[in-house]
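Have a look at the structure below, then the notes.
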DNA sequence: ACCTGAACACCGTTCAAGT
DNA sequence: ACCTGAACACCGTTCAAGT
C-alpha cells in the first residue's frame, strides 16, 4: 500500500539552502532539514544519498541562481562582475560553498559567461580569480583598513581591464 | 600532588594542523588530536577552550608559516606572489582555513608585505584578491580547461602589474 | 595541577517494522 | 512505496574522581 509523498527533493534542497544561509554549514543538519520539510530525518535518505550529496545539490542550486543573475545582465565584464558581487553579498554562505572543491563543477556556470565576454581563456581567468578573491576577502572581513569597498571593487575591475588591454 | 604535563599547546596545535592537511577539516577531531599527542580528549580542554579555538590557533600557526616564506623573499610583488602560491600548494587545507571569516585576523600577515611592496592600499588589494582567488580556484580544481597553470599565474600577475601602471 | 572514565546531548546513517 | 522509531557509531564537552 503506497504512502503519499510528504515532501520533495526541491523542497529539501531549498530548506537546506535556507539553513545554510541562516545558520551556516554546521546548521545544515539532516534533522533540521527534515523538520523544516515536515518529515523525520531517516526519510531524507529516500531522496539523497547522504549529507554530502545534499550539500552538492545546494551548491548546484546556488550556481543556477548565479547563472540567472548573469543572464539578466548585458553580458559585459562590468555587469557580470557586479552581478557576481551582488550574488555573493546576498548569499554569502552559498558563495563560500561554491568555492569548495567538492562543488567545483558548479564553477563552470560562473566561468562561461565571463569567457564569452572576454573571448580569452587567460583574460577570463584573471577577471574571475580577482573577483572571486575580492569577494572571499570581503566576506571574510579581511578589508579592515577602511575605504569604500564599492569603489575598491570598481577600481580593481578597471585595473584588470586596463592590464588586459596592454600591448603584448 | 601535581601531575607532570604530558603534552603542550604547541604539540596540540601541530598535531591538529597535520590532521587538517592529511584528513581535511572533518578529520580534526578532539579524539584524533588527543591520540596523536598521547593524551585523552578531555585533557585537551586544559589548553584550549574548545575545537573552534584550536582551529583558530592552527590558522595562526599557518599564517606565521606564510609570513616566514614572505620574509625569505626579496619583497618584490613577483616573489611575494610566488611564495603565496608555493605556500597554498604545500598547505592547501591550511590555506583554505585562512580564508574563513573566523580566521580573518590572520589575513593581516599576508596583506602587510604586499602593501609594503606596492605602497598603495588599492594596488595591494587588487594583487592580493587576484592571487587569493587564483589559488582558491586552482585548489578547487576549477581550472579544468587546461593550459599551463604556472604560465597562467605569471600571466595574471603581469596583467595586474601592467594595469596598475596605467595612466590615471 | 593535570589526567581520566563516565556521562550527556547531539550528530549521520541503517534498518526492520509499520501503513 | 514511503515513513518511522529504535539503534549504532561517533562526535564535542563537562565533571567528579583519581594521582
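Residue numbers (our numbering), protein chains in the order written: chain A, 497 to 664; chain B, 497 to 664. From the three backbone atoms N, C-alpha and C, an ideal C-beta is built for every residue, glycine too. These figures come from a predicted structure and were not determined experimentally.
* Asked: Between residue 577 of chain B and the rest of its own chain, which residues show a CB-CB distance below 6 Å, the 5 nearest in sequence each way excluded?
  -> 627 and 653
* **Cβ contact check for the stretch 632-650 of chain A and the stretch 542-556 of chain A: 3 or more pairs under 8 Å** => no
* Asked: Helix, strand or coil for residue 521 of chain A per DSSP?
  -> helix
* Please work out which residues of its chain come closer than 7 Å, Cβ to Cβ, to residue 574 of chain B, disregarding the five sequence neighbours upstream and downstream, and give them in chain order. => 653
* Asked: Name the chain A residues whose beta carbon is nearer than 8 Å to that of residue 596 of chain B?
  -> 636
* **Chain-order list of residues whose beta-carbon lies under 7 Å from that of residue 657 of chain B (same chain, five-residue window excluded)** => 573
* To do: Could you check how far apart the C-beta atoms of residue 526 of chain A and residue 510 of chain A are, in whole angstroms? I think they sit under 8 Å.
  => The Cβ separation is near 15 Å, so there is no contact.
* Should the stretch 604-612 of chain A be called in touch with the stretch 583-597 of chain B, which here means at least 3 C-beta pairs below 8 Å? -> no
* Please go through the stretch 575-616 of chain A and give each complete alpha helix (DSSP H) segment of 4 or more residues, from N-terminal end onward. => 588-594 and 603-614
* Could you name the residues of chain A that residue 658 of chain B contacts, counting a contact when the two beta carbons are closer than 7 Å? => 659 and 662
* Asked: If you measure from the beta carbon of residue 621 of chain A to each beta carbon in chain B, is any gap under 8 Å?
  -> yes
* Is DSSP giving residue 652 of chain A helix, strand or coil here? -> helix
* Asked: When you compare only the Cα positions, how much space is there between residue 528 of chain A and residue 633 of chain A?
  -> 30 Å
* Short CB-CB distance (under 8 Å) between residue 633 of chain A and chain B -> yes
* Asked: Which bits of chain B does residue 618 of chain A rub up against, with CB to CB less than 7 Å?
  -> 648 and 651
* Asked: Quick one: does residue 641 of chain B have its CB under 8 Å from some CB of chain A?
  -> yes
* To do: Pull up the distance between the alpha-carbon of residue 474 of chain B and that of residue 595 of chain B, whole angstroms please.
  => Residue 474 of chain B lies beyond the residue range present for chain B, which begins at 497 and ends at 664; the question has no answer from this structure.
* Along chain A, which residues have their Cβ under 8 Å away from the Cβ of residue 614 of chain B? -> By Cβ distance, chain A contributes nothing, its closest Cβ being about 11 Å from residue 614 of chain B, past 8 Å.
* Same chain, Cβ closer than 7 Å to residue 617 of chain A, five either side skipped, listed in chain order -> 611
* Buried or exposed: where does residue 582 of chain B fall if 16 or more other Cβ atoms within 10 Å of its Cβ makes it buried? -> exposed
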